[in-house]
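Here our numbering = 1-based position in the sequence shown + 48. Ideal Cβ placement from N, Cα and C applies to all residues, glycine included. Step one of this worksheet: look at the structure below.
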Amino acid sequence: MKTIVITGASSGIGLETARILTRKGFNVLGIGHSEVNCNRAKGSILSENPDADITYFLADLMQQREVIRVADEITLCLNQKSNGKLHALINNAGCVRSWYMTTEEGYEQQFALNHLAGFLLTYKLLPALKKAHGRVIMTGSESHKGIRVHWDDVMLRRRYNPLTAYKQSKLCNLLFAKGLNDRYATAAIRAYVVDPGLVKTGIGNKETGWLVNFIWTLRKRGGVQPEVPAETYAFLCERETVPDGLYYYLCKKKNYSKQVTSENADRLFKLSERLCGIEYENEIAHDRKVRAK
Ligand SMILES: NC(=O)c1ccc[n+]([C@@H]2O[C@H](COP(=O)([O-])OP(=O)(O)OC[C@H]3O[C@@H](n4cnc5c(N)ncnc54)[C@H](OP(=O)(O)O)[C@@H]3O)[C@@H](O)[C@H]2O)c1
Numbered sequence: 049m050k051t052i053v054i055t056g057a058s059s060g061i062g063l064e065t066a067r068i069l070t071r072k073g074f075n076v077l078g079i080g081h082s083e084v085n086c087n088r089a090k091g092s093i094l095s096e097n098p099d100a101d102i103t104y105f106l107a108d109l110m111q112q113r114e115v116i117r118v119a120d121e122i123t124l125c126l127n128q129k130s131n132g133k134l135h136a137l138i139n140n141a142g143c144v145r146s147w148y149m150t151t152e153e154g155y156e157q158q159f160a161l162n163h164l165a166g167f168l169l170t171y172k173l174l175p176a177l178k179k180a181h182g183r184v185i186m187t188g189s190e191s192h193k194g195i196r197v198h199w200d201d202v203m204l205r206r207r208y209n210p211l212t213a214y215k216q217s218k219l220c221n222l223l224f225a226k227g228l229n230d231r232y233a234t235a236a237i238r239a240y241v242v243d244p245g246l247v248k249t250g251i252g253n254k255e256t257g258w259l260v261n262f263i264w265t266l267r268k269r270g271g272v273q274p275e276v277p278a279e280t281y282a283f284l285c286e287r288e289t290v291p292d293g294l295y296y297y298l299c300k301k302k303n304y305s306k307q308v309t310s311e312n313a314d315r316l317f318k319l320s321e322r323l324c325g326i327e328y329e330n331e332i333a334h335d336r337k338v339r340a341k
C-alpha cells in the first residue's frame with residue numbers, strides 16, 4: 049500500500065484530499081495542529097469509510113522544532129508500515145494573517161508556514177521520498193502571479209502588507225517546486241503545485257482581524273467545495289506514469305508566473321536553507337562528481 053503525508057489535513061482542502069486518497073486505498077498520514085480538529089477529521093473520514101487507513105500526527109508546523117519532531121515520528125511510522133517509502137508528500141498547511149506576526153525563530157508567519165514548513169519537512173522526508181521515487185505537491189494559488197520575491201526583506205519587516213506576504217509565500221511554493229525538480233530529476237523525485245481555485249474553507253476566518261474575516265466570509269461564497277481541488281491531488285498521486293509539468297488546476301497543466309525561473313528558484317533554495325539551518329545535498333553537483341571520477 050502506498051503512503052501519502054498531507055499537512056493541514058484537519059480541515060478544508062487537506063481534509064477532503066485525505067478523504068479521497070483513503071477512499072482510493074492510499075495509507076494517509078495527516079498532520080494538523082489542533083487535537084480536536086484532527087480527531088473530528090479522523091472521525092468524519094472513518095464514519096463514511098471504516099476501512100480507511102488514516103493516522104493523524106499533531107504539530108504546530110509554524111515552529112521548526114515541531115516540524116523536525118513530527119518528521120522523525122513520521123519516518124519511524126514509514127519504517128514500520130511501508131518499508132521506509134513515501135509515495136507523496138502534500139505540503140498544504142497554510143494560513144492568512146492580518147498583521148505582522150512572527151514564529152519562535154522570529155520569522156513572518158505566512159512565510160514560515162506557507163513556505164518554510166514545507167521546505168524543512170520535505171528535507172527531513174527526502175530519504176523516504178527517494179526510496180519511493182516520490183512526488184512532492186504544494187498547495188499554491190493564482191495569487192502568486194503579479195508579485196516578486198522581496199529578496200532584501202523577505203519577511204516584509206520594513207513595510208508589512210499581509211496580502212503581499214501571502215502572495216509572496218504562494219510564489220515561493222512554485223519556486224520551491226521548480227528548485228526540487230531542477231535538483232532531484234536524477235533521483236526521480238517530481239514536484240508540483242496545485243492551484244485549488246477559490247475554495248469555501250475557513251482559512252480567512254482563523255486568527256485574522258474583523259476586516260479580513262468579513263471580506264473572506266463574503267468572498268468564499270463564490271468558491272467551490274474542497275472536494276473539487278482534492279481531485280487534482282488524487283490525479284497527481286495516482287498516475288502510474290509520472291505527470292510532467294509543474295502547475296496544475298482541475299487536473300490540467302496551467303501557465304505560471306515568469307518569476308518562476310531556475311535562477312530565482314536557486315536563490316530561494318539557498319535563502320531557505322539558511323533560514324532553516326539545513327543544506328539539501330545537491331543531486332546535480334553529486335552527479336557531476338560521480339561522472340568526473
Ligand atoms: N481556500 C482557498 O480559496 C485557497 C485558494 C488558494 C490556495 N489555498 C491554499 O490552500 C491551503 C489549505 O487551505 P484551506 O483553504 O484548506 O484552509 P483551512 O481549511 O484553514 O486549512 C488549513 C489547514 O492547515 C492547518 N494549519 C493551520 N495552521 C497550522 C499550523 N501552525 N500547524 C499545522 N497545521 C496548521 C489547519 O488546521 P486547523 O484545522 O486546526 O485550522 C488546516 O488543517 C493553504 O495553503 C492555502 O494557502 C486556499
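Query, Result
"Could you tell me if the beta carbon of I195 falls within a distance shorter than 7 Å of some heavy atom in ligand 1?", "no"
"When the Cα of I61 is compared with those of R267, P277, G293, which residue comes out closest?", "P277"
"Could you compute how far the alpha carbon of L211 sits from the alpha carbon of V247?", "17 Å"
"How many angstroms separate the CA atom of T70 from the CA atom of H81?", "20 Å"
"Got a sec, what are the start and stop residues for the alpha helix (DSSP H) G60 sits in?", "60-71"
"Can you look up Y296 in the DSSP assignment and give me helix, strand or coil?", "strand"
"State the start and end residues of the unbroken alpha helix (DSSP H) segment that holds Y214.", "210-232"
"Taking the CB atoms as reference points, tell me whether R183 and Y240 lie closer together than 8 Å.", "yes"
"Taking 8 Å as the CB-CB cut-off, is L169 touching chain C?", "Of the protein chains in this structure there is only one, and it is not chain C."
"Please state whether DSSP places N75 in a helix, a strand or coil.", "strand"
"On the DSSP bridge assignment, give the partners of Y240 in chain order.", "I185"
"Can you tell me which of I185, R205, C220 puts its alpha carbon nearest to the alpha carbon of P291?", "I185"
"Using only alpha-carbon positions, find the residue among D200, R88, C220 that is nearest to K306.", "C220"
"I'd like the span of the alpha helix (DSSP H) that includes V84, first residue to last.", "83-96"
"Taking DSSP as the reference, what is the three-state secondary structure of N253?", "helix"
"Is T249 near ligand 1 - that is, is its Cβ less than 7 Å away from at least one heavy atom of it?", "yes"
"What are the residues that DSSP puts in a beta bridge with T280?", "Per DSSP, none; premise fails for T280."
"So, for N131: in the same chain, excluding its five sequence neighbours on each side, which residues have a beta-carbon less than 8 Å away from its beta-carbon?", "K179"
"Are the Cβ atoms of L294 and A225 separated by less than 8 Å?", "yes"
"With hydrogens ignored, establish whether the beta-carbon of T187 is closer than 7 Å to any heavy atom of ligand 1.", "yes"
"Under the rule that 16 or more other beta-carbon atoms within 10 Å means buried, what is L266, buried or exposed?", "exposed"
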